[in-house]
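Numbering (my numbering), first residue to last: 116 to 210.
From the three backbone atoms N, C-alpha and C, an ideal C-beta is built for every residue, glycine too.
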């Protein structure tokens, strides 16, 4: 699946999908749900909450598609870690 094809499935611009891939933007919760359906993974997995790695059948996907999936997962894990650290710091200040 190309960025253009994914963008069409998500009703987004190709540029937005490219921004996700480059970690310049983060997908909304609604887009996360759609991505989880497209790539057959849970939103918890995309966010790095679920440690259980699910196998994704990539048979027939181009290398660029597989790379996009991995980059998206990495981006979501990074964002989740940033949120977790931010919440931890906020909670420590409140105490």
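Self-check item: Option nearest residue 159 by Cα separation, candidates 195, 118, 116
Solution: Locating residue 159 in the chain shown gives position 44, counting from the first residue. Ranking the options by Cα distance to residue 159, first place goes to 195.
Practice problem: Can you tell me which of the three DSSP states residue 172 falls into? | Solution: Looking up residue 172 in the chain shown gives position 57. Looking at residue 172 - three-state DSSP - the assignment turns out to be coil, as it is neither helix nor strand.
Quiz item: Taking the continuous alpha helix (DSSP H) assigned at residue 142, which residues delimit it?
Solution: Working through the chain shown from its first residue, we reach residue 142 at position 27. Per DSSP, residue 142 belongs to no alpha helix (DSSP H) and is neither H nor E.
Quiz item: Going by C-alpha distance, which of 200, 187, 120 is nearest residue 162?
Solution: Looking up residue 162 in the chain shown gives position 47. Considering only alpha carbons, the answer is 187.
Quiz item: Going by beta carbon distance, what residues of the same chain come within less than 8 Å of residue 134, once the five residues before and after it are set aside?
Solution: Position 19 of the chain shown holds residue 134. Cβ within range, chain order: 140.
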